[in-house]
Structure formats: C-alpha cells, structure tokens
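Residue numbers (the numbering used here): 4 to 295.
All residues carry an ideal CB built from backbone N, CA and C; glycine is no exception.
Here is the structure we will look at, set down as structure tokens.
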Amino acid sequence: MKILVTGHRGFIGSNACDDLRAHGHEVVTPDGVDLTQRDQVLALPNVDQVWHFAAVNQPRLFVTKPLDVFGTNVLATQWLIERYRGELQRFVLASTSEVYAGSRDTFDVAMPTPESVPLCVSDPTDARSSYGGSKIANELQVQFMQQQFDTDFTIIRYHNVYGPGQRNQFVPDFLHRVVTQGDTTLMGGASTRTYLYISDAVEATRTVAMSPACINKTINVGGAVPYTLREVAEIILQILGNGLQISETPGGVERHRQGDISLINQLTGWLPTVTLPEGLAHVVAKYFDSRQ
C-alpha cells in the first residue's frame, strides 16, 4: 500500500514510517512541502492512504502564538482533505487526549474516558486551548469530509506516547534534568496519566489503519494502567540508581487523564504489551547511548 505520512520527522510519525516500511508498505513523505500552502499540497502524488501526524504541538507556542497554532493545524488538514477527498481508501488523523480537556473541566466524564463523551473548549479566552481546540476542529473536518465526499477515515486519540528520541514532554525533560543537573523538582505529582510506549503506539496505528472494523471510527490509543507523575519520576530514579529523592513543590493543577481503550480491543484485539518500567528502562538506556 502507498501511504502519505505527514509529520514524518516527528516522534510518532518517524516511528510510524519505519514500521510501515518494515511491513512492506511504500511510504511517501511531503519533504519540502508547506502544508499550509494550498498549491503545494494539491501537487502531492496519488496515494492509497494519508496518515496525518503533522501539527504544531509545542506548549510554549500555545501561549505565545495561539492563532498560528490553530491556523496551521486547521489549514494543513483542510488542504490535505481538498487534495485527497474522494480518492483515498482512508484518511487517518492523529488526534490527542487534549480534546478531552474541556470535557473534564465542564462535564462529569467517566474515568477511563470513552470516545463518546461530548467535546468542548471550556475557556475560549485561554490561549492554551489553541492546540486542543485545533484538534477538535481537525476531527470535525475529517468527519465532514466523510459525510460530504464519502471518504473514509479513522481518528486516533493518542494518550501520552513516550519512548527514545522524544522531546519536550515530561519523561524526556525530567530525565534530562536529573542527569545533567541533579534536579528532581516535581510539580503536580498527584496527577495521573496512562503512558504508551512508542512501539505499542505504532502497532496500534497500523492495526486500526488497516482494519475494516475501524473505518469511520474514533479510537483511543493509550496505556491500560494509570500512574501518578510522582510514580513515573520514581521509576526513572530507580532505573538511574543515583539515590536521589523527589523534591515536590507546591503549585500546578491536579489533573487525571485515562482513555478507555476497550473499543480498540473490541474491534481489533489490540492491547499494549510494554509495561511502563520496561519502556522507561529503554528510554534511559537509549538516552545514555546518545550521549556517548
């Protein structure tokens, strides 16, 4: 199968490309293409599927350039839809657990959270909603694409994917601070998350993208076991074996996030296989390999 992968230099996208090639698929990447420019996107080649990972996902920019974040993510998706509507076997959209942020603030949502809960932006004046709001918009775009042009889709809501080579997220940032500065400061340590190792994430992506049962479905992809941030930090310190202790500081908002992964299991049989301690051990080992 010939598959266009956007965001192919990003963490999940690059690993997805490697996985697709390992399974015999032809991968097309939009090198040199500005996805916000309609004429460049319309010149992309014919493919069987689009896997759309490209998005502005840098927390600093959510606050400093919220319009750019929102506009870039919406425009790129719009032009890809215009280019490929009516021509694809499937459009696979990488979404995020951030789409649930407003729901948790506004509604009494279940935990673990199923895909069926209503989505909203709880505070449109908060610039930090630019990313989550743009991903809700992206989901609407592909839903409307299917309704208007009969182009099938699968939406994947990723929950805290981690692994070697990741940047600007809690696991790599905490690890780097501990190793380089001995800094074990932690804020909001009681907040809970589920974590998914990158190999499990790409296997889940390929599984749902190729499964007829997942056509026109929105699917949570994440870990099965919730951990507090403090527990994650403690596992990292145990692996490092440096004798340091967590230094918790007051502040931050305690938030609990856990996606219900029963739907993907029901449709495909998929479940994560790498435990958090196993995955973090791989992350630490690769971190030190990269410093040599």
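Candidates Asp126, Val124, Val102: closest to Pro117 by CA position: Val102
Start and end residues, beta strand (DSSP E) containing Gln52: 52–55
His179 burial status per 10 Å Cβ neighbour count (16 or more: buried): exposed
Leu7 classed as buried or exposed, judged by whether at least 16 other C-beta atoms fall within 10 angstroms: buried
Beta-carbon proximity of Ile238 to Ile159, cut-off 8 Å: no
DSSP three-state assignment for Arg170, whether helix, strand or coil: coil
Local Cβ density within 10 Å of Arg291, reported as buried at 16 or more and exposed below that: This sequence places Phe at residue 291; Arg is not what is there. So Phe291 ends up on the exposed side.
Residue burial classification, Val72 (beta-carbon count within 10 angstroms, cutoff 16): buried
Proximity of Val181 and Leu243 at Cβ, strictly below 8 Å: yes
Beta-carbon gap between Asn219 and Gln172 smaller than 8 Å: no
Close-in-space but distant-in-sequence residues of the same chain around Glu90 (CB under 8 Å, 5 per side omitted): Asn49, Thr154
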